[in-house]
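This report refers to the structure that appears directly beneath it.
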Amino acid sequence: MAGHSKWANIQHRKGRQDEKRGRLWTRAIREIMVAARAGGGDLDANARLRLAVDKAKAVNLPADTIKRNIDKATGNLEGVSYEEIRYEGYGVGGAAILVDAVTDNRVRTVADVRHVFSKYGGNMGSEGSVAFQFKHCGQIIFAPGVNENQVMEAALEAGAEDVITDEDGAIEVLTAVADFEAVRDALGAAGLKSEVAEITMRAENTIDLAGEDAARMQRLLDALEDLDDVQDVYHNAVLDL
Numbered sequence: 001m002a003g004h005s006k007w008a009n010i011q012h013r014k015g016r017q018d019e020k021r022g023r024l025w026t027r028a029i030r031e032i033m034v035a036a037r038a039g040g041g042d043l044d045a046n047a048r049l050r051l052a053v054d055k056a057k058a059v060n061l062p063a064d065t066i067k068r069n070i071d072k073a074t075g076n077l078e079g080v081s082y083e084e085i086r087y088e089g090y091g092v093g094g095a096a097i098l099v100d101a102v103t104d105n106r107v108r109t110v111a112d113v114r115h116v117f118s119k120y121g122g123n124m125g126s127e128g129s130v131a132f133q134f135k136h137c138g139q140i141i142f143a144p145g146v147n148e149n150q151v152m153e154a155a156l157e158a159g160a161e162d163v164i165t166d167e168d169g170a171i172e173v174l175t176a177v178a179d180f181e182a183v184r185d186a187l188g189a190a191g192l193k194s195e196v197a198e199i200t201m202r203a204e205n206t207i208d209l210a211g212e213d214a215a216r217m218q219r220l221l222d223a224l225e226d227l228d229d230v231q232d233v234y235h236n237a238v239l240d241l
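Next up, the structure:
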């Protein structure tokens, strides 16, 4: 099925991540600690921890750092205790925004997030105000030019829920959370290299923003992502910058 072009937005996000490479280590460590605390330190038995470790390796976090923080989270070493919080709100043009944070100080984090929403033209919402507009799923994205038929065959055979080709030729594979690893690994085994492979909150419907509205929305998103306690920011805006 056809989908709206998101490739420019994806490339912009990847560029921003490259600029913040050092901060990615901190976020990877926090995700490892939360995953290990919730499901234990056994990688074979904890799918979320496996994904967290994969992310950590992707940003070149040293193996001894990974192990040390798993040990901290499971009580083998003394460490900071983190909790997960999700905030919901609205951006420019009523765009929906989800902010996932991991923090050791809930009061500080909510104040920081509320300040950014207010400063950059957004509004904090109540719990459940926008989350219904997103789907928790696996998302694997291939750059324009990758063979669509090959991706579709390998993905659907491995158990993917849908394969979407965007207007610019990018291909998006969607999976149930439980099937994500199997589909990702099957695509890799077929020699298909993805640009994005992650568990995400995917917007069910999008809002197009252009010109100054798009620029204002981008400033809001950037400011949220720059907060120390924020792990991920999800939104339903397609920005024409």
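All the letters of the sequence shown, read from the start, carry residue numbers 1 to 241 under my numbering. Just so it is clear, CB atoms sit at the ideal spot from N, CA and C, and this is done for glycine as well. Keep in mind the model is a prediction, meaning the values are calculated, not measured.
With 16 other Cβ atoms within 10 Å as the buried cut-off, status of residue i
i      : result
Leu98  : buried
Asp228 : exposed
Leu224 : buried
Asn236 : buried
Lys72  : buried
Asp168 : exposed
Arg210 : One point to set straight first is that residue 210 is Ala, not Arg, in the sequence displayed. Looking at its Cβ environment, which holds fewer than 16 other Cβ atoms inside 10 Å, Ala210 is exposed.
Ala38  : exposed
Val233 : buried
Leu239 : buried
Ala36  : buried
Ala160 : buried
Arg30  : buried
For residue j and residue i, believed in contact at Cβ under 8 Å, the rounded distance
i      : j      : result
Asp207 : Ala95  : In the sequence as displayed, the identity of residue 207 is Ile instead of Asp. With a Cβ gap of about 5 Å, Ile207 and Ala95 count as contacting.
Ala154 : Ala190 : 4 Å
Residue i and residue j closer than 8 Å at C-beta
i      : j      : result
Phe134 : Ala203 : yes
Glu88  : Val34  : no
Gly125 : Tyr90  : yes
Ile242 : Ala47  : Nothing about residue 242 can be reported from this structure: the residues present for the chain run from 1 to 241 only.
Asp185 : Gly93  : no
His136 : Val177 : yes
Gln218 : Asp100 : no
Ile70  : Gly41  : yes
Val183 : Ala158 : yes
Gly138 : Leu187 : no
Leu221 : Gly121 : no
Proximal residues to residue i (C-beta, below 7 Å), its chain only, five neighbours per side dropped
i      : result
Phe142 : Val151, Ala170, Ile171, Leu192, Ser194, Glu195
Ala56  : Ala28, Ile32, Ile66
Pro269 : Any property of residue 269 remains undetermined from this structure, which presents the chain solely from 1 to 241.
Ile199 : Leu51, Gly138, Val177, Phe180
Val146 : Ile171, Leu192
Trp25  : Val59, Leu61
Arg23  : none
Close Cβ partners of residue i (< 6 Å) along its chain, the five nearest in sequence each way excluded
i      : result
Gly3   : Confidence at Gly3 is low in this model, with a pLDDT of 41, below 50, so its placement is unreliable and no value can be given for it.
Arg114 : Met124
Met1   : Residue confidence is low: Met1 scores 37 on pLDDT, short of 50, so the model does not pin down where it sits. Its coordinate-derived value is still stated next. So the qualifying residues of the chain are Ile164.
Arg50  : Leu43
Arg86  : Asp100
Ser129 : Glu88
Asn205 : none
Asp162 : Leu174
Leu241 : Ala214
Sequence-distant residues of the same chain with beta carbon closer than 8 Å to residue i, five excluded per side
i      : result
Asn123 : Gly89, Tyr90, Phe117
Thr74  : Ala36, Arg37, Gly40, Gly41
Contact test: residue i Cβ vs the ligand COA heavy atom, cutoff 7 Å
i      : result
Val113 : Ligands in the displayed structure: none, and consequently the ligand COA is not present.
Query raised in the report: For the segment 51-69 against the segment 104-111, are there 3 or more C-beta pairs whose distance is under 8 Å?
Result: Here the segment 51-69 does not lie against the segment 104-111, with fewer than 3 beta-carbon pairs under 8 Å apart.
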